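Single-structure report; data block below.
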Amino acid sequence: MSSIEQTLSIIKPDAVERNLSEEIKEIFKKNNFKIIKEKKIKIEKNEAEKFYQVHQSKPFYNDLCSYLSSGPIVVMVLERENAVSENRKIMGATDPKNAEEGTLRKKYGISIDKNSVHGSDSSENAKIEINFFFKD
Ligand code: CMP
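Under the working numbering, think of the first position of the sequence shown as 451, with each following residue one higher.
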């Protein structure tokens with residue numbers, strides 16, 4: 451079944467730093483995503499800790515939170531049919547080494563940490579993540 455859905459996308463510090471934001475946004479648009487909301491921000495480490503709370507027991511949690519708060523990021527609400535799964539297809543595997551040809555992480559990712567983009571992993575988390583960055 452297909453339905454219009456929204457997902458949260460983050461262009462991470464490694465990609466913003468390399469001025470890849472516009473190029474990445476064009477790829478989303480070419481893939482029929484509408485960018486409904488967008489802002490470029492820099493977050494504090496404690497905010498990154500809240501955002502990545504689901505990973506708090508993981509060994510990489512501290513580095514992950516330091517990294518997301520290390521420089522400007524672009525956060526976006528993306529909309530299209532099956533936005534969550536379609537975004538995950540376009541992003542590719544978490545580790546750029548394992549990402550398929552043509553995916554964002556294969557093209558732009560540097561390492562599993564500096565993997566250029568984040569996308570919500572479920573419709574439920576998409577709502578939580580959108581609300582985290584775009585409280586009305
Ligand atoms: P992201 O989709 O933003 O969600 C959590 C992030 O943790 C992930 O991308 C990676 O950048 C990072 N990470 C670092 N190490 C690992 C790991 N071993 N497994 C999964 N994610 C990891």
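Every residue, glycine too, gets a C-beta built ideally from N, C-alpha and C. In this text, all values refer to a predicted model and were calculated from it rather than measured experimentally.
Euclidean distance between Cα positions of Lys411 and Pro509: In this structure the chain extends from 451 to 586, so residue 411 is not present and cannot be described.
Proximity winner among Glu473, Lys556, Ser519, relative to Ile491 (alpha-carbon distances): If we check each option's Cα against that of Ile491, Ser519 comes out closest.
Three-state class that DSSP yields for Glu494 in the structure shown: If DSSP states are grouped into helix, strand and coil, Glu494 belongs with coil.
Cβ shell of Gly559 (< 7 Å), same chain only, five flanking positions each side left out: Excluding positions up to five away in sequence, the list reads Pro546, Ala549, Asn565, Ser566.
Contacting residues, own chain, Cβ-Cβ under 7 Å from Lys442 (five flanking each side not counted): Not covered by the structure: residue 442. The range shown for the chain is 451 to 586.
C-beta contact flag for Ile578 and Val527 at 8 Å: No.
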